[in-house]
Structure formats: structure tokens, C-alpha cells
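Going by full-length UniProt numbering, the first residue of the sequence shown is number 1, and it counts up by one from there. We put the beta carbon where it would ideally sit given N, CA and C, even for glycine. Okay, so here's the structure we're looking at.
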Amino acid sequence: MTKPVQIRPATPADAATLAELNDFVHALHVENRPDFFRAPSSAEELVPTFRAFLEREDTLGFVADSAGRAVGYVTATVRRHPGDALMQPRSVVFVDHIAVDPALARSGVGRALVESVRAAGKEAGCTRLMTDVWAFNERALAFFEAAGLSRMTYWLEQPLG
1 MTKPVQIRPA TPADAATLAE LNDFVHALHV ENRPDFFRAP SSAEELVPTF
51 RAFLEREDTL GFVADSAGRA VGYVTATVRR HPGDALMQPR SVVFVDHIAV
101 DPALARSGVG RALVESVRAA GKEAGCTRLM TDVWAFNERA LAFFEAAGLS
151 RMTYWLEQPL G
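In C-alpha cells:
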């Protein structure tokens with residue numbers, strides 16, 4: 001990393017910061033899949049969504065701070081599956097959102113955020129780190145693979161109308 005970065009737990013008070021950092025990532029999703037993602041009128045519109053997410057007991061969140069400002073964040077969910085006749089029981093930590101200021105791309109901030117989720121997931125009793133990546137987002141796929149995740153399933157779709 002080029003500048004010292006501190007990783008700290010995210011709280012509901014960070015909702016506006018997360019909404020602002022999420023802006024460029026969400027814009028990429030809206031641009032590539034407007035059939036799934038809607039463009040909010042402003043980052044402020046997202047604040048209640050992020051606040052509610054951070055208030056959930058199953059949510060883990062971390063913020064990367066550098067020189068007194070937030071430069072990245074990650075949120076993840078602890079998901080526990082009891083197992084059934086077909087599937088093994090499992091506890092996983094699932095990365096839901098990650099964003100790093102584009103000026104700090106490839107600086108190690110994203111990797112530090114993922115490592116924070118990995119450690120918190122282990123502490124919560126999870127045995128696996130997971131995420132999903134949209135097919136258009138090749139940079140995210142490369143990032144997560146470089147962070148040690150591997151491909152495990154593919155979703156396919158066909159519009160019906």
C-alpha cells in the first residue's frame with residue numbers, strides 16, 4: 001500500500017460513507033445490467049439501505065481509512081446452512097459489497113479488506129469465504145481470484161420476453 005491504511009469495523013454511522021464509496025461500483029453495474037440494477041437519484045438515497053444492512057446481526061463490515069478519510073469498505077454476511085438430505089451443513093462468510101477509491105486500485109486496500117472479512121469469518125465459526133461476481137466484471141473476478149478465491153459455480157440466464 002502506498003499510504004498507511006487503517007482497517008476498522010463499520011458501524012451504522014458509516015452508512016453515508018459506504019453509500020458514497022459504492023457510487024462508482026454501482027454505476028458500473030447499472031451501466032452493464034440496467035435490467036437488474038437501478039440508478040439511485042443520489043448517494044443519499046442509499047444511506048437507509050446501508051444503515052439497515054449494517055444494523056443486522058449477521059453482517060460484518062469494515063472501512064479502510066487513510067489520512068483521515070475513508071478510502072474503501074467491504075460488507076459481508078455470515079450465512080449458516082443446517083444441511084439437508086442433499087447438502088452438507090456449512091457456515092460461510094459471503095462478501096456482499098466491496099469498493100475501493102479508484103485512485104487506490106491495486107494498492108493493497110482491497111486485499112486488506114478481504115483479509116479482515118476472512119479473519120472475522122473464521123472468528124464467527126465460518127469455514128469458507130464466498131462471493132459472487134457478475135460476468136461483465138472481469139476486474140472483480142481477477143481481484144477475488146488473486147485474493148485466493150476460486151470459481152465454484154456458474155449461473156445462466158435466458159430472458160423470456
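Supposed close pair residue i, residue j - CB separation, criterion 8 Å
| i | j | result |
| --- | --- | --- |
| Val114 | Asp65 | The pair is not a contact, with the Cβ atoms about 17 Å apart (cut-off 8 Å). |
| Gly68 | Val100 | With a Cβ gap of about 17 Å, Gly68 and Val100 do not count as contacting. |
Status (buried if at least 16 other CB within 10 Å, exposed otherwise) for residue i
| i | result |
| --- | --- |
| Leu160 | exposed |
| Ser116 | buried |
| Leu86 | exposed |
| Asp14 | buried |
| Phe144 | buried |
| Ser150 | exposed |
| His26 | buried |
| Ser107 | buried |
| Phe50 | buried |
| Ala19 | buried |
Other residues of its chain near residue i: CB distance less than 7 Å, five sequence neighbours each side excluded
| i | result |
| --- | --- |
| Ala16 | Val47 |
| Phe53 | Thr59 and Thr75 |
Cutoff 8 Å; reference residue i; Cβ partners in own chain excluding five residues on either side
| i | result |
| --- | --- |
| residue 167 | Past the boundaries of the shown model lies residue 167; the chain is included only from 1 to 161, so the question cannot be answered. |
Bridge-paired residues (DSSP) for residue i
| i | result |
| --- | --- |
| Met152 | Answer is none; Met152 lacks a bridge partner. |
| Ala9 | Looking at the sequence itself, residue 9 is Pro, so the reference to Ala does not match. DSSP output for Pro9 lists Phe62 as bridge partner(s). |
| His97 | Thr75 |
Cβ-heavy atom distance, residue i to the ligand ADP, below 7 Å
| i | result |
| --- | --- |
| Asp132 | No copy of the ligand ADP occurs in the structure displayed, which carries no ligand at all. |
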